[in-house]
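The sequence shown begins at 137 in the numbering used here and counts up by one.
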Amino acid sequence: MKTPMKKPIGLFITLLFVKAVFAQQTMEVTTDVCVLHLDKTNGNLVGLHWKNPDEEIIKESRLGENFRILLPLPNYEANYFLSTNQKARFEKIENGIICHYNKLVNERQTLNIKVDYKIESKNGQLLFSITVNNTTDQPLAEVYYGIIGGLKGLRSRSDTRTLVPGGTVNNDGEMFTRFTGGGYGGGNLGINYSAAAITYPSWSMSMSWMEVFNTKENIGMYYAQQDTIIRKTALYYELRPSERGNVIGDNWPTEKDVPMGTPIGLTMGWMNMPYTKKGIFSAAPVVLQLHPGDWHEGSHIYRQWFDKYYKVKRQPTWLRSEMAWQSIILSNSEDFINYKFNDLPKLAADAKKYGVTTFEILGWDKGGIDRGYPEYEPDKRLGTKEDFKNALTGIKNLGVHPLIFANIQWVDTDIPLYRNKLKKYETKGRWADDLMLSGWGEGTISARIGITRHNMTQITPSYPEVNRLLMNYFLDLVKSGADGFQFDKTTSIDFDFNRLLALSPDRAMSQAVFDMLGQVLTEGRKIDPQLSIASELIWDRAFQYVDVSYLRMNDIDMHPALKYTFPEWTSTIFAESPFDFNIMNNGMRYGLVWAMAPRHYSASLDDAVTRPLSNYVAELIRIRKKHADILFTGRFMDTIGATVQCGENSRYSVFEPMNDKTRKAVVVVNFGNEEDDAEVNIEGDQGGKAELCIPFKKDTTVLLPAKIRVPARTCAVLVQLKDR
Numbered sequence: 137m138k139t140p141m142k143k144p145i146g147l148f149i150t151l152l153f154v155k156a157v158f159a160q161q162t163m164e165v166t167t168d169v170c171v172l173h174l175d176k177t178n179g180n181l182v183g184l185h186w187k188n189p190d191e192e193i194i195k196e197s198r199l200g201e202n203f204r205i206l207l208p209l210p211n212y213e214a215n216y217f218l219s220t221n222q223k224a225r226f227e228k229i230e231n232g233i234i235c236h237y238n239k240l241v242n243e244r245q246t247l248n249i250k251v252d253y254k255i256e257s258k259n260g261q262l263l264f265s266i267t268v269n270n271t272t273d274q275p276l277a278e279v280y281y282g283i284i285g286g287l288k289g290l291r292s293r294s295d296t297r298t299l300v301p302g303g304t305v306n307n308d309g310e311m312f313t314r315f316t317g318g319g320y321g322g323g324n325l326g327i328n329y330s331a332a333a334i335t336y337p338s339w340s341m342s343m344s345w346m347e348v349f350n351t352k353e354n355i356g357m358y359y360a361q362q363d364t365i366i367r368k369t370a371l372y373y374e375l376r377p378s379e380r381g382n383v384i385g386d387n388w389p390t391e392k393d394v395p396m397g398t399p400i401g402l403t404m405g406w407m408n409m410p411y412t413k414k415g416i417f418s419a420a421p422v423v424l425q426l427h428p429g430d431w432h433e434g435s436h437i438y439r440q441w442f443d444k445y446y447k448v449k450r451q452p453t454w455l456r457s458e459m460a461w462q463s464i465i466l467s468n469s470e471d472f473i474n475y476k477f478n479d480l481p482k483l484a485a486d487a488k489k490y491g492v493t494t495f496e497i498l499g500w501d502k503g504g505i506d507r508g509y510p511e512y513e514p515d516k517r518l519g520t521k522e523d524f525k526n527a528l529t530g531i532k533n534l535g536v537h538p539l540i541f542a543n544i545q546w547v548d549t550d551i552p553l554y555r556n557k558l559k560k561y562e563t564k565g566r567w568a569d570d571l572m573l574s575g576w577g578e579g580t581i582s583a584r585i586g587i588t589r590h591n592m593t594q595i596t597p598s599y600p601e602v603n604r605l606l607m608n609y610f611l612d613l614v615k616s617g618a619d620g621f622q623f624d625k626t627t628s629i630d631f632d633f634n635r636l637l638a639l640s641p642d643r644a645m646s647q648a649v650f651d652m653l654g655q656v657l658t659e660g661r662k663i664d665p666q667l668s669i670a671s672e673l674i675w676d677r678a679f680q681y682v683d684v685s686y687l688r689m690n691d692i693d694m695h696p697a698l699k700y701t702f703p704e705w706t707s708t709i710f711a712e713s714p715f716d717f718n719i720m721n722n723g724m725r726y727g728l729v730w731a732m733a734p735r736h737y738s739a740s741l742d743d744a745v746t747r748p749l750s751n752y753v754a755e756l757i758r759i760r761k762k763h764a765d766i767l768f769t770g771r772f773m774d775t776i777g778a779t780v781q782c783g784e785n786s787r788y789s790v791f792e793p794m795n796d797k798t799r800k801a802v803v804v805v806n807f808g809n810e811e812d813d814a815e816v817n818i819e820g821d822q823g824g825k826a827e828l829c830i831p832f833k834k835d836t837t838v839l840l841p842a843k844i845r846v847p848a849r850t851c852a853v854l855v856q857l858k859d860r
């Protein structure tokens, strides 16, 4: 009877011993929100207990770290200095601690570089900041900090989910159960663990925060880099020792999979790459906050910080109020001409028949679309400059807005202007010119494959000569009658190591593109006070200038984080095929702009095969105009505030007016090929009235909860009535 007790007693004694050793090797720092445990020698954060909600965040102390600093040598690029190998001096401060490092040491060098690493609590959050005084000529290439090592989820790892927000996707929703490493650059080559990285701003990451959450336990962790300086940064995270490959379900290793004593856990941090020499670099705070709720609460935390520094809240411009566009390509880069300038008013008139009153013009410029940049002047093959101006005037006389397609940071590598003047300004790589070449062929099969496409490379537009060139073209277009611009490919913001630049490689291009968006508006509105901008980007900072993002979003389900965080923001959703009814339905579901590009940007909205879709979009416009303050310029609520019982092929969303929480609208989309019955319940409204709107049906009044029948590949809208 006594033998079975030996194992539990032995385990208990072992745990007591480990706890005693841990206490001897660490120092405890208590703040108002959490208790920190730091290694007494190197200062590494090896324990983090949050008070309310109660949670042990770091569950594997052996993976604790503070920072990794990269200072490359001429013959040794990977010259890292790890906080684990340093000696810290501690300064306790109110609600926190500063770890002072008087020098940096590794197996190759001892450098007189001072590092101050501060961890402090402010306003219910834990802030991590780092200052590096680089006294050497070695570039400060990487500063990886705010590191939280030894994560194993919140409460239950198997129930923990994650959000890394993109434009319409969640970049990594299951890093605690389905870790996916190696999907960046060189992948996992050269390391003995698994890792992933996502850069911001980029086409991947729209906002500089992420969330770890467990909906079953109603707990979430907000984790952000709150930087007021515009720069390229990265969220970088690792799983040790690695994930299990080709398994069903959870791919994390367990204690049974590894040698005894092997630490298992996730490490995450934010990384700056300033490449500065002989100077002081101070990184922005990395912020951590535990809270009740899921990513929706993290969204509110981020937005509260964001609004202190960036002005997205504003009255909708004419462009933000436009519910639908048509886009047309006049000529492509293989010299095929679809239309000439004189054809534009007729095409715009066709669009207006269906309620579409914004007309985007592409391939109007010298060389055709994606060729000849940045020579933004009317292509003479399509007509004279006077013909171009007359066409824009004719479009405007119809009550339609001409929107001009252009680019900011792209240059054609096959034009004399590039070879003779602009080549010295091209974006440079770390080691050599390393040009980033892109191109989109259209007019021939080999061009579409990419074999004979016209290539473009990037150029940072902050050089005075480049800035003047671009601004002269853009302002001349405003004078010619452009009501707005759609600046394409602005989301491609890369590092630029060109030595002619005043700013560091991580800042130069992002700051220059941001500044040019503002400059075009400021200078352009001196000519036309109503000038507006759309752009192909998902970068939240740019939303203070950009009214509409240029996206396609042709998946059935879009992750709603960006739209939920920035209800003022919207994007296009494109119909390029005559049969894209469900894509247009999703435009209603998410409050997006219906962008019609019939036959892949080559046909009129009145084209016979496109006409049924055009009529359908006209009905969607009719419905949304009736309730625009909720469905288009209102607040997107994801699915919060209502429940819908429906078939597996249907989805729904909820909206409310921007400043009125007493009214809601519900959009139900049936993606299936058969009609679907749905029951719509709006929270707090039993027996109230709502207006039901379905395309091509008479609008009716129904009682809530409402049982409705949604036709196949159609949407239905219910809007609470004020007199309910």
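Note that beta-carbon positions come from the ideal geometry of N, C-alpha and C, so glycine has one too. Small disclaimer: the values here were computed from a predicted structure and weren't measured.
Length of the line joining the Cα atoms of residue i and residue j
i, j, result
"residue 87", "residue 816", "Nothing about residue 87 can be reported from this structure: the residues present for the chain run from 137 to 860 only."
"residue 390", "residue 400", "8 Å"
"residue 480", "residue 508", "22 Å"
"residue 855", "residue 820", "14 Å"
"residue 347", "residue 296", "10 Å"
"residue 407", "residue 369", "6 Å"
"residue 706", "residue 651", "21 Å"
"residue 658", "residue 837", "46 Å"
"residue 174", "residue 354", "28 Å"
"residue 442", "residue 358", "14 Å"
"residue 751", "residue 733", "14 Å"
"residue 513", "residue 277", "41 Å"
"residue 413", "residue 635", "14 Å"
"residue 325", "residue 411", "24 Å"
"residue 211", "residue 361", "32 Å"
"residue 857", "residue 798", "10 Å"
Identity of the residue in the options nearest residue i by Cα
i, options, result
"residue 699", "406, 496, 767, 383", "767"
"residue 273", "209, 295, 217", "209"
"residue 282", "565, 442, 182", "182"
"residue 666", "159, 451, 305, 690", "451"
"residue 764", "793, 777, 749, 781", "793"
"residue 293", "356, 254, 335, 345", "356"
"residue 185", "178, 201, 165, 202", "165"
"residue 805", "789, 797, 818", "789"
"residue 230", "250, 169, 222, 215", "169"
"residue 319", "848, 330, 575", "330"
"residue 328", "425, 317, 808", "317"
"residue 605", "448, 458, 545, 702", "545"
"residue 377", "241, 586, 402, 726", "402"
"residue 381", "372, 371, 393, 608", "393"
"residue 365", "411, 308, 446", "446"
Three-state class that DSSP yields for residue i in the structure shown
i, result
"residue 204", "strand"
"residue 595", "strand"
"residue 633", "coil"
"residue 812", "strand"
"residue 609", "helix"
"residue 749", "helix"
"residue 269", "strand"
"residue 551", "coil"
"residue 728", "coil"
"residue 556", "helix"
"residue 481", "helix"
"residue 854", "strand"
"residue 584", "helix"
"residue 516", "helix"
"residue 498", "strand"
"residue 621", "strand"
Runs of 3 residues minimum, wholly inside the region 170-228: which ones carry the beta strand (DSSP E) assignment?
170-175, 181-186, 204-206, 216-218
So, do the region 292-306 and the region 679-689 have three or more beta carbon pairs nearer to each other than 8 Å?
yes
Counting pairs of beta carbons, one from the region 461-471 and one from the region 489-503, are three or more of them closer than 8 Å?
yes
Considering only residues of the region 394-419, which uninterrupted alpha helix (DSSP H) runs meet the minimum length of 4 residues and lie entirely inside it, listed in chain order?
none
Taking contact to mean at least 3 C-beta pairs separated by less than 8 Å, is the region 633-653 in contact with the region 592-608?
yes
In chain order, which alpha helix (DSSP H) runs of at least 4 residues are fully inside the region 739-812?
747-762, 764-767
Inspect the CB distances between the region 514-533 and the region 472-489 and report whether three or more fall short of 8 Å.
yes
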